[in-house]
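This report refers to the structure that appears directly beneath it.
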Amino acid sequence: MIYILKKKNNLGLASLRLAIVDASKKGNQPTHSFSGRFVMVYNGEIYNYLELRQIIEQKFKKYKKKFIWKNSTDSEVLVNGIEIFGIKKMLKMCEGMFAFSIWDKKENKLIIGRDRIGEKPLYYGIQNNIFFFTSDLLTFQKNKLFKFEINKKAANIFVKYGFIPSPLSIYKNVFKLEPSTILEVDKNLKVSRYNYYDLKKELFKKSIYKSNIEENNDTIDSTNKLLQSKIKNMLSNDFKVGCFLSGGIDSALVASIAQTVSKKKIETFTLKTSSKNYDESISAKKISQFLGTNHNTYKVKKKDIMSYVNNMHNYYSEPFGDSSQIPSFLLSKFAKKKIKIVLTGDGGDEISGGYNRYLYFKQYHNFLNKNTFSKILLKLSIPIIYKLNKFINLNFLNVWNLNSKLKKLESIINIKSFSNYYDASISQGGYDDKYLKSPGFINNKKYIDRKKHTFKDLMYLDLKLYFPEDILCKMDRASMYHSIENRTPFANHKIIEHFFKLPSELLINKFKPKFILKKILGLYLPKDHISNVKKGFSIPMSYFLKKYLNTWGDKVLNIKNLNKHDLFDNEYLILKWTNFKKDKDDINYHQLWNILVLQNWINKH
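Numbering (our numbering), first residue to last: 25 to 629.
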């Protein structure tokens, strides 16, 4: 999706459509509203479009007129709903993921907008008296009309977190439109913006649910019915639907409900890896057999990862650091032979208290800040456990990726402020600012203005930052590159709002995170099919960097390349990279990987 607007109303637009709803030529874009006032290019899916279509028809019946549809697409519903109800009201009625642009012929202005949570990407900027926007920055990079300069602030932030938060992008004067935002541009390229949805306001409304666990069977039942309803809306009568099944709670629940409400067998997909610590294919197969899905397993090979790393600069509009992008991409590539739509379990952690940072904050953080002796004891224990795990396998503790979690715990144990706690918990544990000449950070204080905080504030911050910029970005790019539409039930705003209104005890019950999701999953699967060890789709990145990607890393960190943009302390960086390869120091591989991704992207672009 591309848009170019010059002064004096010179306008150009283009769209490459992945046709899901109404795949005929009638559904091609741009889409015009019934009066011809609005012309729209659109990317995404509105799941309740049939309901909205009926509302539009009823509106016309009041005036004794019949509405004549040109096609059966959700895009036609959206553009006509905007003309009838106005943009704010119509978007509030929509459930789905979308990025769109509309030319208003009457007002001579361009309107662009993005969905509430940020599932679909949208970049924009102004250069040479041209306003441009796109869902993929790569479309403009080779155009001579535009000159792009690396945004060092964004690059520095990326090294710490592995993603670049909206509204920043990797380029100066190019921006990501923030979720739930509408931006208008008039014929003189004057820009104004407003929000149509307030996430904080909706999430922190007073709960109507009982806090007594014994009295919450009705709540569990209503939550299950809500999930069933929203997942049913995401299925398709025209195309095969699949689920990415990792073996964990979230994807298992989505697959279970999808198969229950579907009229036909769904396809499930998982990866098999050679590393037992990362492989969940056996668990996934066990779940699929119980559910009766058509199960598909792909065995990851060394050459798959090598090929991906050599080409990853082509897959994302800007540097992206989450190493689970690799299995996500490979699984999408494998699945495209069978499906056009895939459901994933992403977001289950963010809405049900699944991350360790929530559990630690709820159960330990305040206690340790008041009990100095306990804090000192824990601080002394961490390096001992870390060294023990190097020589004695501590898998019996049932903690996946123990070393990484210990590093993260070590980085947050002395933190007192809520803002710094969150910052440390989403940065790549054991952050070392010596790599950079000018370290960057995300100012998360602007999102939270409360004096007292609970773990739900952390969940909210994740929904503002980590979830859209990392998790949703990863799956959208991986799936769309292979012409698969990724649909994320836990990103539905009705589901998110519902979970935030639940009593805290239904999310984290004592030391058990995701309490309600496990209860609901128990309605579909036997206990021995439900894993309590969180892995997701992952690969042993540290091992691969040392064993197979060291030569690639050497080329990326060539001193001539490093000197071009003056981002790093090159001597320190090369020393750390050399020591990491030799396994000499206890070095944070996450951060080194982010640096390699960033420098590789800069070298290629």
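Quick reminder that beta carbons are idealized off the backbone N, C-alpha and C, glycines included.
All figures in this text were calculated on a predicted structure; none of them were measured in a lab.
- Under the three-state reduction of DSSP, Glu-493 is assigned to helix.
- Secondary structure note for Val-285: it is in no beta strand (DSSP E), and the uninterrupted alpha helix (DSSP H) holding it is 273–285.
- Taking a C-beta distance under 9 Å as the contact criterion, Ile-311 and Ser-280 qualify as a contact pair.
- Less than 9 Å divides the Cβ of Leu-367 from the Cβ of Gly-266.
- Contact check for Ser-204 against Ser-341 fails: the beta carbons are separated by 9 Å or more.
- Sequence-distant partners of Ser-216 (beyond 5 residues in either direction) whose C-beta falls short of 7 Å from its own C-beta, in its chain, are Glu-208.
- The beta carbon of Arg-474 lies closer than 8 Å to those of Asp-481 in the same chain, with the five residues before and after it left out.
- If you ignore the 5 residues before and after Tyr-195, its C-beta comes within less than 6 Å of the C-beta of Phe-172 and Asn-175, all in its own chain and listed in chain order.
- Cβ neighbours of Asn-516 within its own chain (closer than 7 Å, five residues either side excluded): Glu-119 and Lys-254.
- Between Ala-359 and Ile-508, the beta carbon gap of about 6 Å places them in contact (Cβ cut-off 8 Å).
- About 24 Å separates the beta carbon of Gly-377 from that of Met-258, a gap too long to meet the 8 Å contact definition.
- Per DSSP, Ser-125 is one residue of the beta strand (DSSP E) stretching across 120–128.
- The segment 61–68 makes contact with the segment 111–128, as at least three CB pairs between them are under 8 Å.
- The segment 612–629 makes contact with the segment 566–574: 3 or more CB pairs, one atom from each, lie closer than 8 Å.
- For Val-65, the enclosing beta strand (DSSP E) has its first and last residue at 62–70.
- The beta carbons of Leu-496 and Glu-75 sit no closer together than 9 Å.
- Rounded to whole angstroms, the gap between the alpha carbons of Gly-105 and Tyr-446 is 40 Å.
- Taken atom to atom, the span from the alpha-carbon of Gln-82 to that of Lys-113 is near 16 Å.
- Put simply, the backbone Cα of Ser-59 is about 51 Å away from that of Ala-308.
- Among the bridge pairs identified by DSSP, Ile-365 is matched with Val-265 and Glu-509.
- Taking 9 Å as the cut-off, the Cβ atoms of Leu-489 and Pro-189 count as close.
- When Phe-91, Asn-72, Asp-128 and Leu-115 are compared, the shortest CA-CA separation from Met-64 is found for Asp-128.
- Take the alpha-carbon of Ile-290 and the one of Leu-251: they are about 17 Å apart.
- The distance from the Cβ of Phe-479 to that of Phe-385 is about 5 Å, consistent with a contact at the 8 Å cut-off.
- Looking at the DSSP output, Phe-199 shares a beta bridge with Tyr-148.
- Closest in alpha carbon position to Ser-99, among Asn-72, Lys-249 and Lys-600, is Asn-72.
- A straight-line Cα-Cα distance of about 26 Å links Lys-229 and Val-278.
- By the neighbour-count definition (other C-beta atoms within 10 Å, threshold 16), Thr-292 is a buried residue.
- DSSP lists Tyr-195 as the bridge partner or partners of Ile-174.
- Phe-535 is classed as exposed because its beta carbon has fewer than 16 other beta carbons within 10 Å across all chains shown.
- From the listed residues Thr-297, His-56, Lys-288 and Gly-110, the smallest Cα separation to Thr-97 is found for His-56.
- The C-beta separation of Lys-362 from Lys-264 comes to about 6 Å, placing the pair in contact by the 8 Å criterion.
- Straight-line spacing of the CA atoms in Leu-573 and Met-330 works out to 7 Å.
- For the options Ile-466, Pro-527, Lys-86 and Ile-206, the alpha carbon positioned closest to that of Ile-244 is the one of Pro-527.
- In the DSSP assignment, Val-324 falls outside any alpha helix (DSSP H) and carries neither an H nor an E.
- The C-beta of Asn-180 has 16 or more other C-beta atoms within 10 Å across all chains shown, which makes the residue buried.
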